[in-house]
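In this text, residue positions in the sequence shown follow my numbering: the first is 16, and each later residue adds one. By construction, the Cβ of each residue, glycine as well, lies at the ideal position given by its N, Cα and C atoms. Inspection log for the structure reproduced underneath, given as structure tokens.
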Amino acid sequence: MSLRISHSVMRDSAIHTTQVNLDLLARKQMQIASGQNYIRRSDDTASSARAESLEQEITQNRQYDRNIDIASNWATISDAHMTNVIDIMQRIKELSTEANNGVNPPEVRKNLAIEVDQLLEDLYRISNSTIDGVPIFAGTDTSQDAFLAARDASGQITSIAYQGDDGNRTVKTGEVTTAAYNLRGGGTDGLFVSSNDGVDLFSSLITLRDELASGDIPQDTTFQAIDDSLDHAISKMIKNGLLQKRFNSLGSQNLNIEIENYSLLSSLKDLDIAQAVTELSYLQTSYQASLQIAARINQLSMVNYI
């Protein structure tokens with residue numbers, strides 16, 4: 016009786032060992048097939064938790080990348096418009112210098128006034144530029160154009176008023192960092208109108224046009240206003256260029272973080288195939304050995320019953 020119990024225990028133990036080896040073999044085969052270190056979270060709770068955290072970080076970082084792309088694109092488009100603004104102001108300066116030549120008769124200055132008026136219209140058009148229908152230079156106001164022109168009976172612009180606000184468009188560029196990316200057109204520190212700097216590009220052009228249209232040589236204050244306006248526009252373009260560099264730098268930093276996170280995630284999730292194949296061979300050997308042992312125990316048990 017005791018011998019039969021002993022054989023029964025040995026048989027059950029052999030069956031259990033064989034089943035365990037089979038489970039380990041099947042799991043290793045699944046790992047190799049999936050290329051993953053673990054099949055279920057319970058296989059490696061610490062690694063799976065860290066991997067999940069990294070995946071969330073990667074998802075969030077991608078959103079930061081999209082935000083930076085939006086801001087960088089906005090700054091790039093703004094830069095193109097600002098280049099046109101500076102070109103206009105440089106041409107205005109050339110025209111004012113030409114108008115200051117006392118040899119030129121009044122009719123020449125009147126003709127110059129026509130070009131100044133055309134450049135004023137161009138400047139007004141640029142000031143109301145949009146990106147996907149959103150005013151570029153209106154601050155955070157999206158309900159109307161950044162600027163509104165008043166015109167006389169002949170259609171000439173007599174004044175231009177800022178309709179936007181002093182708000183900054185911002186994007187989140189990191190877990191605790193944000194960045195403003197817009198350049199306002201007016202208000203306290205705008206491109207076209209800046210109450211802080213006492214600059215109004217529109218007014219300087221309107222004044223120059225009206226003085227030239229009357230055949231007069233422009234006043235010294237008009238020349239100064241044009242010089243100040245050009246210098247102001249250049250300073251704003253430099254500021255916008257610094258914004259572009261910042262967003263390029265932030266984009267590079269986020270890319271490095273993303274590469275690092277992917278590398279860490281790979282080390283946690285990706286299977287070392289060479290090592291796994293070696294382990295698979297060992298498990299196959301163990302499984303075959305357990306089958307043979309179980310078979311021998313079963314044969315021995317049958318002999319004892321004869």
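Of the candidates I232, S282 and Q178, the residue whose Cα lies closest to the Cα of L127 is I232.
Within the same chain, Q178 come within 6 Å of Q159 by CB-CB distance, once the 5 residues on both sides are set aside.
Membership of F162 in the beta strand (DSSP E) is indicated by the continuous run F162 to R166. Rounded to the nearest angstrom, the gap between the Cα atoms of G154 and L163 is 15 Å. Looking at A161, G256, K187 and A168, the one whose alpha-carbon comes closest to that of A176 is A161. When beta bridges are read from the DSSP output, V149 appears opposite I146. Taking C-beta separations shorter than 6 Å and ignoring five residues to either side along the sequence, the partners of S174 in its chain run A165, following chain order. Sequence-distant Cβ neighbours of Q259 in its own chain, meaning closer than 8 Å and more than five residues away, are S87, A90, T91 and D94.
The three-state reading of DSSP puts D231 in coil, since its state is none of H, G, I, E or B.
Per DSSP, the beta-bridge partners of V214 are S209. Contact check for V100 and L220: beta-carbon distance about 11 Å, past the 8 Å limit, so the pair fails to qualify. Secondary structure at T185: strand, using DSSP grouped into helix, strand and coil. In this chain, T203 is not harboured by any beta strand (DSSP E), its DSSP state being neither H nor E. For Y196, no beta strand (DSSP E) segment is defined, and its DSSP state is neither H nor E. E72 has its alpha-carbon roughly 37 Å from the corresponding atom of M97. Of the candidates Q78, P150 and R106, Q78 places its Cα closest to the Cα of G266. Within the model, the alpha-carbon separation for T33 versus R311 is close to 13 Å. Within the same chain, Cβ atoms closer than 7 Å to the Cβ of E273 are found at I73 and N76, the five residues on either side in sequence being excluded. The DSSP-derived three-state label of T155 is coil. Out of E70, P121, A61 and T60, the CA that lies nearest to the CA of S278 is found in E70.
Distance from the CA atom of E190 to the CA atom of F207, rounded to whole angstroms, is 34 Å.
By the Cβ test, the segment 115-125 is not in contact with the segment 139-157, since fewer than three Cβ pairs between them sit closer than 8 Å. As DSSP reads the structure, I175 sits in a beta bridge with A164. The C-alpha of I253 is placed about 17 Å away from the C-alpha of S264. Membership of D84 in the alpha helix (DSSP H) is indicated by the continuous run T60 to A114.
Out of N116, L270, A304 and T222, the CA that lies nearest to the CA of D84 is found in L270. For V131, the secondary structure class from DSSP, reduced to helix, strand or coil, is helix. In terms of CA proximity to G182, A195 leads the group S68, A195, G170 and T112. Note on N116: under 16 other CB atoms within 10 angstroms of its CB, so exposed under the neighbour-count rule. Taking all protein chains shown into account, H247 has 16 or more neighbouring C-beta atoms within 10 Å of its C-beta and is therefore buried.
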